[in-house]
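Peer 1: One structure, pasted below without further comment.
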Amino acid sequence: ALSLAARIHAEVPTDEAPETTEGYEGFYHLASMKGTVDRADMHYIIRDFDRKQFEARKRKMMEIAKKVGKGLHPDCYIELVIEDSYYNMRDKVVEYPHILDIAQQAMRDCHITPEMKPIRGGTDGAQLSFMGLPCPNLFTGGYNYHGKHEFVTLEGMEKAVQVIVRIAELTAKQP
Numbered sequence: 001a002l003s004l005a006a007r008i009h010a011e012v013p014t015d016e017a018p019e020t021t022e023g024y025e026g027f028y029h030l031a032s033m034k035g036t037v038d039r040a041d042m043h044y045i046i047r048d049f050d051r052k053q054f055e056a057r058k059r060k061m062m063e064i065a066k067k068v069g070k071g072l073h074p075d076c077y078i079e080l081v082i083e084d085s086y087y088n089m090r091d092k093v094v095e096y097p098h099i100l101d102i103a104q105q106a107m108r109d110c111h112i113t114p115e116m117k118p119i120r121g122g123t124d125g126a127q128l129s130f131m132g133l134p135c136p137n138l139f140t141g142g143y144n145y146h147g148k149h150e151f152v153t154l155e156g157m158e159k160a161v162q163v164i165v166r167i168a169e170l171t172a173k174q175p
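Just so we're aligned, residue 1 is where the sequence shown starts under UniProt numbering, counting upward by one.
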């Protein structure tokens with residue numbers, strides 16, 4: 001089973017991994033793989049900023065499973081489960097431009113220059129946005145997210161709190 005898992009991973013485009021892409025480029029990320037001779041489990045995170053490309057990436061994984069699974073012994077099989085966990089929140093947030101305006105104004109009021117840039121991972125804000133509460137990412141004051149060198153400064157956290165308070169103040173003034 002582990003050899004079969006290795007064959008599957010070898011078919012995933014190596015130039016479309018998180019470490020070889022940047023900005024708005026989508027990717028396949030092998031987040032975990034475990035197994036024995038009898039069974040192997042692989043967990044991929046598939047991300048793309050474009051919905052059509054996202055769907056194409058999922059189809060690519062299905063094609064890989066079919067290709068590698070072709071001609072296997074009848075007792076051996078590949079089960080592919082695709083669960084959508086995050087979509088690009090931009091699709092929902094852009095419907096409410098005033099929330100971005102308020103967030104940017106709050107940042108400027110707190111002496112922070114807003115930078116609009118893509119988040120290359122899933123966020124709670126993406127989930128909330130698709131549940132009907134448009135929720136753009138702001139900042140936490142952290143660095144090196146999801147890596148072994150991830151950290152946050154006290155000053156960054158304090159500034160994040162100031163921005164959140166200012167967002168509440170500006171929102172309360174809305175008609």
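Backbone N, C-alpha and C define an ideal beta-carbon position, used for all residues, glycine too. These numbers come from a predicted model, not from an experiment.
#1: Taking Tyr-77 as the reference, give the member of Ala-1, Ile-167 and Val-165 with the closest Cα.
#2: Just to confirm my understanding: we take Tyr-35, look at its own chain, exclude 5 residues before and 5 after, and list those with CB closer than 7 Å. What are they?
#3: Starting from Leu-170, follow the alpha helix (DSSP H) in both directions and report where the run begins and ends.
#4: Can you give the Cα-Cα distance for Pro-136 and Met-107, rounded to whole angstroms?
#5: Are the segment 65 to 76 and the segment 123 to 136 touching, with three or more C-beta to C-beta distances below 8 Å?
#6: For a test of the three-state rule: what should DSSP assign to Leu-30, helix, strand or coil?
#7: Unbroken alpha helix (DSSP H) runs of length 4 or more, entirely within the segment 49 to 100: which are they?
#8: Beta-carbon separation of Gly-156 and Gly-141 under 9 Å?
#9: Per DSSP, what are the beta-bridge partners of His-43 in this structure?
#10: Assuming Gly-26 contacts Gln-53 under a Cβ cut-off of 8 Å, what Cβ separation, rounded to an integer in Å, is found between them?
#11: Would you grab the beta carbon distance between Ala-65 and Ile-8 for me? Rounded to a whole angstrom, and I think it's under 8 Å.
#12: Tell me whether Phe-139 sits in a helix, a strand or coil according to DSSP, three-state version.
Peer 2: Walking through what the data contain:
#1: From the listed residues Ala-1, Ile-167 and Val-165, the smallest Cα separation to Tyr-77 is found for Ala-1.
#2: Correcting the residue type first, residue 35 is Gly in the shown sequence and not Tyr. Excluding sequence neighbours, Gly-35 sits near Ala-1, Leu-2, Ala-5 and Asp-41.
#3: 154 to 172 is the extent of the alpha helix (DSSP H) around Leu-170.
#4: Between Pro-136 and Met-107, the C-alpha separation is close to 13 Å.
#5: No, they do not touch.
#6: Strand at Leu-30.
#7: Listed in chain order, the alpha helix (DSSP H) elements of length 4 or more contained wholly in the segment 49 to 100 are 51 to 69 and 90 to 93.
#8: Contact flag set, yes.
#9: Beta-bridge pairing links His-43 to Ser-32.
#10: Gly-26 to Gln-53, Cβ: 5 Å. Contact.
#11: Cβ atoms of Ala-65 and Ile-8 come within 8 Å of each other, at about 7 Å.
#12: DSSP places Phe-139 in coil when its eight states are reduced to three.
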